[in-house]
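Student: Per my numbering, the sequence shown starts with residue 548, numbered consecutively.
C-beta: ideal position from N, C-alpha, C; glycine also.
Predicted, not measured: the structure shown is a model, and the values here were computed from it.
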Amino acid sequence: MDMTIFQIESNKVLPRQGGLLISAPFLRDYHFARSVVLMVEHNEEGSMGIVLNKNFSALMTLNDLVPELASLAPIPLYKGGPISRETLFYLHRIPYLKHALPLGNGLYLNGDFEEMKRYLLAGGQTKGVVRFFAGYAGWQPKQLMQEIKDNTWVVNNDNNVDLLNLYLRDLWRESLIDMGGKYAIWARYPKYPILN
Numbered sequence: 548m549d550m551t552i553f554q555i556e557s558n559k560v561l562p563r564q565g566g567l568l569i570s571a572p573f574l575r576d577y578h579f580a581r582s583v584v585l586m587v588e589h590n591e592e593g594s595m596g597i598v599l600n601k602n603f604s605a606l607m608t609l610n611d612l613v614p615e616l617a618s619l620a621p622i623p624l625y626k627g628g629p630i631s632r633e634t635l636f637y638l639h640r641i642p643y644l645k646h647a648l649p650l651g652n653g654l655y656l657n658g659d660f661e662e663m664k665r666y667l668l669a670g671g672q673t674k675g676v677v678r679f680f681a682g683y684a685g686w687q688p689k690q691l692m693q694e695i696k697d698n699t700w701v702v703n704n705d706n707n708v709d710l711l712n713l714y715l716r717d718l719w720r721e722s723l724i725d726m727g728g729k730y731a732i733w734a735r736y737p738k739y740p741i742l743n
């Protein structure tokens with residue numbers, strides 16, 4: 548048996564807008580353990596992404612932050628990363644939303660928030676269509692590339708995972724399985740091997 552499939556090693560791929568960063572199985576950083584980050588920007592000035600699969604410890608909703616939405620059913624708010632938690636981001640599949648940034652695979656980031664509020668108030672669906680995040684993940688110039696070299700992240704620029712429909716707890720595992728090969732094996736690593 549080829550034992551190298553069990554070694555934690557990044558695929559050393561350069562991240563690009565719309566691609567995913569998937570944390571290595573044993574990363575213990577509070578903000579990024581078993582996380583999946585959607586890349587928004589990666590260039591010589593630094594990198595930015597949105598963590599897709601982290602909840603706040605206390606249930607927070609968009610309704611709590613936007614008084615006009617108080618009468619709607621609760622709209623979940625997720626942790627987009629440790630930077631600028633007071634900043635709202637939204638990932639969606641609404642192509643007509645003005646000023647939205649296309650990320651590929653039918654996904655868009657942000658856009659005219661007044662238009663988004665009108666969509667929600669008119670009964671627009673959120674499940675599978677839009678998710679809201681507070682904060683983002685950011686890296687200084689060359690920092691992310693060093694973390695990739697240090698085997699902290701695997702990059703999947705050609706993901707086939709439905710990022711807006713998967714249950715948060717499944718996103719890390721399903722993203723690795725989507726990559727196949729040894730990464731699919733990593734997806735089965737226990738979170739706490741000592742308890743295995």
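1) Could you please give me the residues that DSSP links to GLY566 through a beta bridge?
2) Please classify GLU721 as buried or exposed, where buried requires at least 16 other C-beta atoms within 10 Å of its C-beta.
3) Who are ASN590's beta bridge partners in DSSP?
4) Cα separation between GLU592 and TYR736?
5) Does PHE679 come out as helix, strand or coil in the three-state DSSP assignment?
6) Looking only at its own chain, which residues have a Cβ that is under 8 Å from the Cβ of LYS664, when we skip the five neighbours before and after it?
7) Thinking C-alpha only, which one of HIS639, ALA734, MET595 is nearest ILE630?
8) Going residue by residue through the segment 584-655, where are the continuous alpha helix (DSSP H) segments of at least 4 residues, counting only ones entirely within it?
9) Pull the bridge partners of ALA684 from the DSSP assignment, please.
10) Just list the residues that DSSP pairs VAL701 with in beta bridges.
11) In the DSSP assignment, the alpha helix (DSSP H) including SER722 goes from what residue to what residue?
12) Measure the alpha-carbon distance for PHE679 versus SER557 and round it to whole angstroms.
13) For the candidate residues LYS674, LEU574, ASN698, whose alpha-carbon lies nearest to that of ASP709?
14) Could you check the C-alpha separation between PHE579 and THR634 for me, to the nearest Å?
Tutor: In this structure, then:
1) Taking the sequence shown and counting its residues from 1, one reaches residue 566 at position 19. For GLY566, which the question treats as bridged, DSSP gives no partner whatsoever.
2) Mapped onto the sequence shown, residue 721 falls at position 174. The residue is buried, with at least 16 neighbouring Cβ atoms inside 10 Å.
3) Working through the sequence shown from its first residue, we reach residue 590 at position 43. Answer is GLY593, bridged to ASN590.
4) For the purposes of this step, residue 592 is taken as the residue at position 45 of the sequence shown. For the purposes of this step, residue 736 is taken as the residue at position 189 of the sequence shown. Cα to Cα, GLU592 sits roughly 34 Å from TYR736.
5) Translated into the one-based positions of the sequence shown, residue 679 becomes position 132. Strand, per DSSP.
6) What you label residue 664 is simply residue 117 of the sequence shown in a count that begins at 1. Answer for LYS664: VAL613, GLU615, LEU616, listed in chain order.
7) Indexing the sequence shown from 1 puts residue 630 at position 83. Considering only alpha carbons, the answer is MET595.
8) 609-612
9) In the sequence shown, residue 684 corresponds to position 137, counting from 1. BP columns for ALA684 point to GLY596.
10) Numbered from its first residue, the sequence shown carries residue 701 at position 154. According to DSSP, which records beta bridges pairwise, VAL701 is partnered with ILE569.
11) As a first step, residue 722 must be located in the sequence shown, where it is residue number 175. Per DSSP, SER722 belongs to the alpha helix (DSSP H) from 715-726.
12) Mapped onto the sequence shown, residue 679 falls at position 132. Mapped onto the sequence shown, residue 557 falls at position 10. Approximately 29 Å, taken between the alpha carbons.
13) The residue labelled residue 709 in the question sits at position 162 within the sequence shown. For the residues LYS674, LEU574, ASN698, the minimum Cα distance to ASP709 belongs to LYS674.
14) Residue 579 sits at position 32 when you count from the first residue of the sequence shown. Residue 634 sits at position 87 when you count from the first residue of the sequence shown. So the two alpha carbons sit approximately 19 Å from each other.
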